[in-house]
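Protein chains: 2
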Amino acid sequence: MTEPDALPSLWSHEPRVQLRFRAGVKVADIDADATPGFRGDKSDAPTLQAERNTRFAELQEMLYANSRAGDTRSLLLVLQGMDTAGKGGIVKHVVGGCNPQGVQYRSFGKPTAEELSHHYLWRVRKALPAAGHIGVFDRSHYEDVLIVRVHNLVPPGVWEPRYDEINAFERELVSAGTTIVKVAMFVSLDEQKKRLAERLERPDKYWKYNPGDIDERLKWPAYQQAYQAMLDRTSTDYAPWHIVPCNRKWYSRLAITELLIEALKGLNMSWPPPDFDVEAEKKRLAAV
Amino acid sequence: MTEPDALPSLWSHEPRVQLRFRAGVKVADIDADATPGFRGDKSDAPTLQAERNTRFAELQEMLYANSRAGDTRSLLLVLQGMDTAGKGGIVKHVVGGCNPQGVQYRSFGKPTAEELSHHYLWRVRKALPAAGHIGVFDRSHYEDVLIVRVHNLVPPGVWEPRYDEINAFERELVSAGTTIVKVAMFVSLDEQKKRLAERLERPDKYWKYNPGDIDERLKWPAYQQAYQAMLDRTSTDYAPWHIVPCNRKWYSRLAITELLIEALKGLNMSWPPPDFDVEAEKKRLAAV
Numbered sequence: 001m002t003e004p005d006a007l008p009s010l011w012s013h014e015p016r017v018q019l020r021f022r023a024g025v026k027v028a029d030i031d032a033d034a035t036p037g038f039r040g041d042k043s044d045a046p047t048l049q050a051e052r053n054t055r056f057a058e059l060q061e062m063l064y065a066n067s068r069a070g071d072t073r074s075l076l077l078v079l080q081g082m083d084t085a086g087k088g089g090i091v092k093h094v095v096g097g098c099n100p101q102g103v104q105y106r107s108f109g110k111p112t113a114e115e116l117s118h119h120y121l122w123r124v125r126k127a128l129p130a131a132g133h134i135g136v137f138d139r140s141h142y143e144d145v146l147i148v149r150v151h152n153l154v155p156p157g158v159w160e161p162r163y164d165e166i167n168a169f170e171r172e173l174v175s176a177g178t179t180i181v182k183v184a185m186f187v188s189l190d191e192q193k194k195r196l197a198e199r200l201e202r203p204d205k206y207w208k209y210n211p212g213d214i215d216e217r218l219k220w221p222a223y224q225q226a227y228q229a230m231l232d233r234t235s236t237d238y239a240p241w242h243i244v245p246c247n248r249k250w251y252s253r254l255a256i257t258e259l260l261i262e263a264l265k266g267l268n269m270s271w272p273p274p275d276f277d278v279e280a281e282k283k284r285l286a287a288v
Numbered sequence: 001m002t003e004p005d006a007l008p009s010l011w012s013h014e015p016r017v018q019l020r021f022r023a024g025v026k027v028a029d030i031d032a033d034a035t036p037g038f039r040g041d042k043s044d045a046p047t048l049q050a051e052r053n054t055r056f057a058e059l060q061e062m063l064y065a066n067s068r069a070g071d072t073r074s075l076l077l078v079l080q081g082m083d084t085a086g087k088g089g090i091v092k093h094v095v096g097g098c099n100p101q102g103v104q105y106r107s108f109g110k111p112t113a114e115e116l117s118h119h120y121l122w123r124v125r126k127a128l129p130a131a132g133h134i135g136v137f138d139r140s141h142y143e144d145v146l147i148v149r150v151h152n153l154v155p156p157g158v159w160e161p162r163y164d165e166i167n168a169f170e171r172e173l174v175s176a177g178t179t180i181v182k183v184a185m186f187v188s189l190d191e192q193k194k195r196l197a198e199r200l201e202r203p204d205k206y207w208k209y210n211p212g213d214i215d216e217r218l219k220w221p222a223y224q225q226a227y228q229a230m231l232d233r234t235s236t237d238y239a240p241w242h243i244v245p246c247n248r249k250w251y252s253r254l255a256i257t258e259l260l261i262e263a264l265k266g267l268n269m270s271w272p273p274p275d276f277d278v279e280a281e282k283k284r285l286a287a288v
């Protein structure tokens, strides 16, 4: 450990507590501009982000090291959010801070014909992180109760039971040693408009723009309803949702980094003991 | 492009030319302490590495962006080297500089029972990078003519034809649009001893130590012979090997970063044009 394990003093409250979804919270009331629990401002972000990326990377290496010694635990980050909420930025700037060796990234777009021919959790199960790895879901099985519900891709009789199925699925993962960090990222309609407009101004951003994003934007109220149901019905003790306001990218990145650090610290890891006789190996090495 | 596209002036020669394996080069003569083509020293490395990581990340994003517009090209980095040569450090410090979204990492350890029940290229084909991705092989199909040959895991009649098979396999990949960057990393026996000793001194490094590393070390002459055959027989015009001296980690990281940048520049990419009417979309967005 090269760093003390305390929460940085710029945080007044632990993000895992402060941002945890609580029954009764209404999606329509979420202030995407807010910076809950943080007493600093944007000028504090670059230095703090770099420091915390280093801490995150250390813990990730320890998780990986333990898996080599037989520990089967893993971590799964689930990112859900509307277009432009900043999921890609989290992958690049937060997850990107740790060793690619221990990361399994998967984006869940429109299902392929093969995926559609299976149960909706089939492609999700295939992408689960191996022991010692951090899995990153850029969108996830929650698409099957979000876009699927909003666009009526299947009838209510099909998506309705999925909330319970997802809870059972996640309980199974947690029992098997996967810590799940679920993050719902919220950007305001105004901020989304600015971000989409920026993509239309810059030729190096055109590829991120999809005319369908505007169609989704028009369905905002239906999405709010679907997000509300998701939070109300799938935020469990073993896999709670966290609400992250994302109008300020620097804040959402800091907050999600802390959520990951806190989850890894919760595993109470130390470096694995050697499975060989250290002194005997030193002698062997000296001789060759 | 936020950076001029010239080779940094600290390089006297392009690494892809300087480090390319040439017929007649003997593995036994490789100076692992050397820093070919580089006129700077260790003190120049941190700043230059950070700058070039940024350039590499930009080009990686462009490769990824083009794949979203239908470009099927990809890049495959093949890392081969003895224990402690620094393969893991390249993954962490070089590949780690770009967006995990576009990277597919795969380490090839001892084959599983299922893998052994297939052709040796089966597991390799499954790990090939998708369009727009950078695949990273930490060890690779070359294990099947290195450790397999040195340890007599299959008879010569089985491994002998593999050199030609591998060439045919790689030709197929290149024809299909994958640029292959093959890097043979060389560390000296003395430096390897130091690095193994360090792992035995630090409890946070024990997990990287394997008593089998010493057994491999004792087979150094046989490995040199196997590496020589690999270079002599599989360095092709379409997928040449590069020899990277690795006693100085800062050098090997800078060199491999340049090899990747040069390979990506060779794809002559630009940002993909929009597949929508930009002005029409601006109007649509303004209205919602």
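If you read the protein sequences in the order shown, they are chains A and B.
For the first sequence, UniProt numbering assigns the number 1 to the initial residue and increments by one for each residue that follows.
For the second sequence, UniProt numbering assigns the number 1 to the initial residue and increments by one for each residue that follows.
Idealized CB from N, CA, C, for every residue including glycine.
| Item | Value |
| --- | --- |
| Terminal residues of the beta strand (DSSP E) in which Lys182 (chain B) lies | Thr178 to Phe186 |
| Own chain residues within Cβ distance below 7 Å of Ser270 (chain B), not counting five before or after | none |
| Environment of Trp207 (chain B) [buried if 16+ CB atoms lie within 10 Å] | buried |
| Stretch pair the segment 116-130 of chain A + the segment 222-237 of chain A: three plus CB contacts closer than 8 Å | no |
| Unbroken beta strand (DSSP E) run spanning Leu79 (chain A), endpoints | Ser74 to Gly81 |
| Beta-carbon gap between Thr257 (chain B) and Arg16 (chain B) smaller than 8 Å | no |
| Cβ distance (whole Å) where Val187 (chain B) is taken to contact Met82 (chain B) below 8 Å | 6 Å |
| C-alpha distance - Ala6 (chain A) paired with Ala32 (chain B), whole-angstrom precision | 43 Å |
| Buried or exposed (CB count within 10 angstroms, at least 16 for buried), Ala85 (chain B) | buried |
| Straight-line Cα distance separating Val278 (chain A) from Arg199 (chain B) | 10 Å |
| Closer than 8 Å to chain A by CB, Ile214 (chain B) | yes |
| Assigned secondary structure, Ser235 (chain B) (DSSP; H/G/I helix, E/B strand, else coil) | coil |
| is_contact[residue 345 (chain A), chain B] using C-beta, thresh 8 Å | Absent from the model: residue 345 (chain A). The displayed extent of chain A is 1 to 288, so no value can be given. |
| Distance between Ala280 (chain B) and Ser140 (chain B) (C-alpha atoms, nearest Å) | 48 Å |
| Cβ-based neighbour list, Arg195 (chain A), same chain, cut-off 7 Å, excluding 5 preceding and 5 following | Thr84 |
| Residues that Gln101 (chain B) contacts on chain A, provided the C-beta gap is smaller than 8 Å | Gly88, Val91, Lys92, Tyr105, Ser107 and Asp138 |
| Minimum C-alpha distance to Arg39 (chain A) - residue among A:Ala50, A:Glu14 and A:Glu172 | A:Glu14 |
| Interface flag, Lys110 (chain A) vs chain B, CB-CB below 8 Å | no |
| CB contact below 8 Å: Arg195 (chain A) versus chain B | no |
| Asn99 (chain A) burial status per 10 Å Cβ neighbour count (16 or more: buried) | buried |
| Three-state secondary structure (DSSP) of Trp271 (chain B) | coil |
| Cβ pair Thr179 (chain A), Gly266 (chain A) closer than 8 Å | yes |
| Endpoints, the beta strand (DSSP E) within which Arg106 (chain A) is located | Val103 to Ser107 |
| Length-filtered (3 minimum) beta strand (DSSP E) runs lying within the segment 143-222 of chain B | 178-186 |
| Val288 (chain B) in three-state terms, based on DSSP | coil |
| Chain A contact for Ala65 (chain B) (CB, 8 Å cutoff) | yes |
| Cβ of Glu181 (chain B) within 8 Å of any chain A Cβ | Here residue 181 (chain B) is Val; the residue named in the question, Glu, does not match the sequence. No, its Cβ sits nowhere closer than 8 Å to a Cβ of chain A. |
| Boundaries of the beta strand (DSSP E) in which Ile134 (chain B) is found, first to last residue | Ile134 to Asp138 |
| Alpha carbon of Thr2 (chain B) to alpha carbon of Tyr64 (chain B), nearest angstrom | Legend: pLDDT at Thr2 (chain B) = 42, less than 50; position of this residue unreliable, no value from coordinates given. |
| Cutoff 8 Å: Tyr223 (chain B) Cβ touching any chain A Cβ | no |
| Simplified DSSP assignment, three categories, for Pro46 (chain B) | helix |
| Pro203 (chain B) at chain A interface by Cβ criterion, 8 Å | yes |
| For Pro15 (chain B), the three-state DSSP class (helix, strand or coil) | helix |
| CB contact check: Pro274 (chain B) to chain A, cutoff 8 Å | yes |
| Pair within 8 Å by beta-carbon distance, Leu76 (chain A) and Leu254 (chain A) | no |
| Residue closest to Leu59 (chain A), alpha-carbon to alpha-carbon, out of A:Lys193, A:Gly132, A:Pro36 and A:Ser12 | A:Gly132 |
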